[in-house]
Amino acid sequence: MPVTSPLPFSEAVRRAVRAIPRGEVRSYAQVALYAGKPGAARGVGRELKTLKGVPWWRVIRSDRTLAPAVAHEQARRLAAEGVQVKQQGEHFRVVP
DNA sequence: AATATGACCATAC
DNA sequence: TGTATGGCCATAT
Numbered sequence: 001m002p003v004t005s006p007l008p009f010s011e012a013v014r015r016a017v018r019a020i021p022r023g024e025v026r027s028y029a030q031v032a033l034y035a036g037k038p039g040a041a042r043g044v045g046r047e048l049k050t051l052k053g054v055p056w057w058r059v060i061r062s063d064r065t066l067a068p069a070v071a072h073e074q075a076r077r078l079a080a081e082g083v084q085v086k087q088q089g090e091h092f093r094v095v096p
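Numbering-wise, the first sequence is residues 1 to 96 according to the UniProt record's numbering.
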């Protein structure tokens with residue numbers, strides 16, 4: 001019998017994302033790592049699409065660009081928290 | 001049940 | 001610099 005039961009992926013992701021401080025960002029891969037599933041960055045994006053009540057806009061790609069599917073809304077929310085976002089055409093990037 | 005599809009990433013060429 | 005490939009994981013078909 002397993003003495004410990006790892007949190008379901010969705011719960012682990014929820015915790016990891018909620019732990020990101022206001023005004024900061026983390027990459028999908030970083031969240032996956034923190035959630036105990038290194039390499040599961042794709043799964044993180046899949047979960048963020050469903051999870052409610054989490055600051056999903058603080059999760060960006062490793063190259064600091066924003067996922068095209070949500071880029072516009074995400075850029076607005078990040079800017080509202082004081083995160084500097086640069087727009088290059090249809091392409092958004094968080095300024096380091 | 002099997003395959004395809006993403007809000008992805010690292011590596012290889 | 002850009003494209004390909006394999007790994008990852010929950011849904012949708």
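The C-beta atom is built at its ideal place from N, Cα and C for all residues, glycine as well.
Contact check, residue i vs residue j, beta carbons under 7 angstroms
i     : j     : result
VAL25 : ARG58 : yes
ARG64 : VAL94 : yes
ALA12 : ALA35 : yes
VAL85 : ALA79 : yes
CA-to-CA distance, residue j to residue i, given in whole angstroms
i     : j     : result
ARG14 : GLY89 : 32 angstroms
GLN30 : ALA41 : 8 angstroms
VAL17 : PHE92 : 21 angstroms
GLU87 : LEU7  : One point to set straight first is that residue 87 is Gln, not Glu, in the sequence displayed. Looking at the two C-alpha atoms, the distance is approximately 37 angstroms.
LYS37 : GLU81 : 28 angstroms
Counted within 10 angstroms of its Cβ, other Cβ atoms place residue i as buried (16 or more) or exposed
i     : result
LEU44 : Checking the sequence shown, residue 44 turns out to be Val, not Leu. It is buried - the Cβ of VAL44 has at least 16 other Cβ atoms within 10 Å.
Residue from the options whose Cα sits closest to the Cα of residue i
i     : options                : result
SER62 : PHE9, GLN74 and SER27  : SER27
ILE20 : VAL54, LYS49 and PRO38 : VAL54
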